[in-house]
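Working notes for the structure below.
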Amino acid sequence: MEKAYLKSSIEELVENPVFISWILHGRNHKEWESFLNEHPEFKPTARKAQKIVELLRDRQDNLSEDEILNIWKNIEKFDSQFTYQRNYFSLKHFLRYAAILLFALVIGASGLWFFHKDAHSYRFATDFISGSLSNSHLKLTNGTIVELEKENSKVVMNSDKKIIINNEKVINLSTVSSPDISKLNEVIVPVGKKSHLILEDGTSVWLNAGSKMAFPTKFDGKKREVYLDGEAYFEVAHNQDKPFFVNTENISIKVLGTKFNISAYKTDELAETVLLEGSVAVSEKSVLGYMMEKAILSPNQKASYNRNDRSISVVDVQDVDISIAWIEGMFRFSQQSLHEVLNKLQRYYNVQFIYDHEFSTSDLITGKLDLNVPLEKSMRALADVANLQIEIKDGNVYIKKK
382 MEKAYLKSSI
392 EELVENPVFI
402 SWILHGRNHK
412 EWESFLNEHP
422 EFKPTARKAQ
432 KIVELLRDRQ
442 DNLSEDEILN
452 IWKNIEKFDS
462 QFTYQRNYFS
472 LKHFLRYAAI
482 LLFALVIGAS
492 GLWFFHKDAH
502 SYRFATDFIS
512 GSLSNSHLKL
522 TNGTIVELEK
532 ENSKVVMNSD
542 KKIIINNEKV
552 INLSTVSSPD
562 ISKLNEVIVP
572 VGKKSHLILE
582 DGTSVWLNAG
592 SKMAFPTKFD
602 GKKREVYLDG
612 EAYFEVAHNQ
622 DKPFFVNTEN
632 ISIKVLGTKF
642 NISAYKTDEL
652 AETVLLEGSV
662 AVSEKSVLGY
672 MMEKAILSPN
682 QKASYNRNDR
692 SISVVDVQDV
702 DISIAWIEGM
712 FRFSQQSLHE
722 VLNKLQRYYN
732 VQFIYDHEFS
742 TSDLITGKLD
752 LNVPLEKSMR
762 ALADVANLQI
772 EIKDGNVYIK
782 KK
């Protein structure tokens with residue numbers, strides 16, 4: 382290790398890619414620790430710089446060296462605008478930088494908030510999301526769009542660079558023109574449809590109606606990561622060395638190998654995760670992990686993230702199979718509000734419910750519906766369970782109490 386580091390300030394260490402690489406990835410760990418032991422007078426400087434790098438690192442999605450540098454430069458730029466003096470660096474100064482970081486992230490100063498949002502969010506192709514879609518679609522990384530014609534489509538990402546659709550159509554990615562490995566594939570499932578994906582690592586994902594998911598052709602790097610808007614059931618292939626992340630608009634779920642269902646439609650107040658097997662960590666996607674809300678689930682538990690107050694609550698679930706009955710075309714509900722039930726039916730059948738002005742949807746009901754039957758039959762069954770009067774006219778469902 383070069384002795385030139387002994388002359389480095391804390392700011393210089395935080396801007397040094399070699400130092401950042403040690404903190405983030407443990408590269409040359411023995412050399413660095415030996416160097417610090419040989420020069421104990423340098424330890425306080427190095428440890429304070431280490432704390433700053435760790436503060437800048439998101440605890441669930443490790444940032445790269447370049448991203449750490451970009452954030453730090455934004456902080457320094459923001460700091461200079463307020464003419465802070467850096468004649469020495471004490472704990473007070475460290476806390477000041479932490480405050481600057483949080484403040485900058487909150488108000489978006491120097492573009493830091495937008496940088497973080499872009500790093501941990503995914504924007505589905507706007508020209509590909511349409512309420513008028515009649516079939517599910519697969520969008521490849523080069524922009525090619527493939528229609529999935531069946532109501533319950535199946536897409537298999539083969540390890541030899543082939544995509545098998547509905548056990549019939551085969552797309553050889555090695556012959557696809559100009560694939561962009563920096564982009565993700567997207568599956569869009571419109572209302573009234575479902576889709577089953579098998580990812581490159583063997584993970585199975587069932588997507589419910591009105592859902593979309595983005596995923597890579599191949600999982601490279603130290604983690605497996607997908608992006609979801611809607612509801613999906615995951616059976617994650619176990620890989621101790623490469624954790625699996627499911628990112629939604631508000632929460633991220635980290636697993637190694639497990640079975641769980643997540644419902645995270647942007648239009649719903651709650652994002653719910655139900656664990657069937659294994660263990661998962663449900664975390665709020667907050668500013669660089671600082672003050673991050675997190676819950677560790679055990680089997681037969683449900684975590685609910687409330688978008689309004691940004692809280693996570695965990696409850697035991699007696700029958701977790703209720704949460705995945707939709708895979709088989711069944712909708713089971715136990716002491717759910719009529720509002721929640723109708724909301725899911727509206728999404729599945731692609732209809733609009735119109736309520737009588739005196740109608741209350743807060744009643745709790747229990748039952749099950751077969752979603753494989755026409756809307757009329759399903760609504761008649763619901764009317765019997767919930768004591769409703771229902772009329773279907775011009776694609777709308779008019780509801781009032783009997």
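Residues 382 to 783 in our numbering are what the sequence shown spells out, letter by letter. By construction, the Cβ of each residue, glycine as well, lies at the ideal position given by its N, Cα and C atoms.
Skipping 5 residues on each side, what residues in its chain have a beta carbon closer than 7 Å to that of residue i?
| i | result |
| --- | --- |
| Arg728 | Val572, Ala590, Gly591 |
| Ile708 | Trp587, Tyr614 |
| Val701 | Val655, Leu657, Asn681 |
| Ile404 | Gln431, Val434, Glu435 |
| Leu651 | Ser685, Tyr686, Asn687 |
| Asn724 | none |
| Val757 | It should be pointed out that residue 757 corresponds to Glu in this sequence rather than to Val. For Glu757, where only same-chain residues beyond five positions count, the Cβ hits under 7 Å are Ile773. |
Consult DSSP for residue i and reduce its assignment to one of helix, strand or coil.
| i | result |
| --- | --- |
| Gln699 | coil |
| Phe740 | coil |
| Phe786 | Look at the range of the chain in this structure, 382 to 783, and you will see that residue 786 is not part of it. |
| Arg504 | coil |
| Tyr686 | strand |
| Tyr646 | coil |
| Thr426 | helix |
| Ser759 | helix |
| Glu807 | Nothing about residue 807 can be read from this structure; the chain reaches only from 382 to 783. |
| Asn418 | helix |
| Glu653 | strand |
| Lys388 | helix |
| Lys725 | helix |
| Lys640 | strand |
Applying the 10 Å Cβ sphere with the 16-neighbour rule, what's the burial state of residue i?
| i | result |
| --- | --- |
| Lys424 | exposed |
| Gly776 | exposed |
| Val661 | buried |
| Asp610 | buried |
| Val754 | exposed |
| Ile735 | exposed |
| Ser390 | exposed |
| Ser633 | buried |
| Lys411 | exposed |
| Val395 | buried |
| Leu387 | exposed |
| Ile569 | buried |
| Glu612 | buried |
| Ile481 | Note that Ile481 scores a pLDDT of 47, beneath 50, so its modelled location is shaky and nothing firm can be said. |
| Lys384 | exposed |
| Thr648 | exposed |
| Thr747 | exposed |
| Lys550 | exposed |
| Ser540 | exposed |
| Ser576 | buried |
| Asn415 | A quick correction: the sequence has Ser, not Asn, at residue 415. By the neighbour-count rule (16 or more Cβ atoms within 10 Å), Ser415 is not buried but exposed. |
| Lys603 | exposed |
Mind checking who residue i pairs with in its DSSP beta bridge?
| i | result |
| --- | --- |
| Trp587 | His577, Tyr614 |
| Asp751 | Met711 |
| His518 | Glu528, Ile569 |
| Ala662 | Lys635, Ile677 |
| Tyr779 | Ile735, Glu772 |
| Ile404 | The partner list for Ile404 (beta bridge, DSSP) is empty, contrary to what the question assumes. |
| Arg605 | Phe625 |
| Gln431 | Looking at the DSSP assignment, Gln431 forms no beta bridge with any residue, so it has no partner. |
| Ser704 | DSSP, once it has assigned bridges, lists no residue as partnering Ser704. |
| Ala764 | Ala764 is not bridged to any residue. |
| Val551 | Ile545 |
| Val537 | Ile545, Ile579 |
Going by beta carbon distance, what residues of the same chain come within less than 6 Å of residue i, once the five residues before and after it are set aside?
| i | result |
| --- | --- |
| Val399 | none |
| Ile546 | Val536 |
| Leu678 | Leu656, Val661, Ala684 |
| Tyr503 | Ala595, Tyr608 |
| Phe496 | Since pLDDT at Phe496 reaches only 40, below the 50 mark, its modelled position is unreliable, and the value read off the structure follows with that caveat. Taken in chain order, the list of residues that qualify is empty. |
| Phe714 | Val722 |
| Phe625 | Arg605, Val617, Val636 |
| Ser585 | Ile579, Glu616 |
| Pro597 | Leu565 |
| Asn628 | Tyr608 |
| Leu712 | According to the sequence shown, residue 712 is Phe rather than Leu. Cβ neighbours of Phe712 beyond the five flanking positions: Leu750, Leu752. |
| Arg467 | Reliability of the predicted coordinates at Arg467 is poor, the pLDDT of 43 falling under 50, and no value is obtained from them. |
| Arg428 | none |
Only counting the same chain, and skipping five residues up and downstream in sequence, which positions put a Cβ closer than 8 Å to that of residue i?
| i | result |
| --- | --- |
| Ile526 | Phe509, His518, Leu519, Lys520 |
| Arg740 | Residue identity check: residue 740 is Phe in the sequence provided, not Arg. Cβ within range, chain order: Ile780, Lys781, Lys782. |
| Ala506 | Lys520, Glu567 |
| Arg761 | Ile771 |
| Ser515 | Pro571 |
| Asn620 | Asp582, Arg605, Leu637, Gly638 |
Using a Cβ-based criterion (distance less than 8 Å to any ligand heavy atom), does residue i qualify as near the ligand FAD?
| i | result |
| --- | --- |
| Leu519 | Within the structure as shown, the ligand FAD is missing, as the structure has no ligands at all. |
Could you tell me whether the segment 690-698 touches the segment 733-750, using the rule of 3 or more Cβ pairs below 8 Å? no
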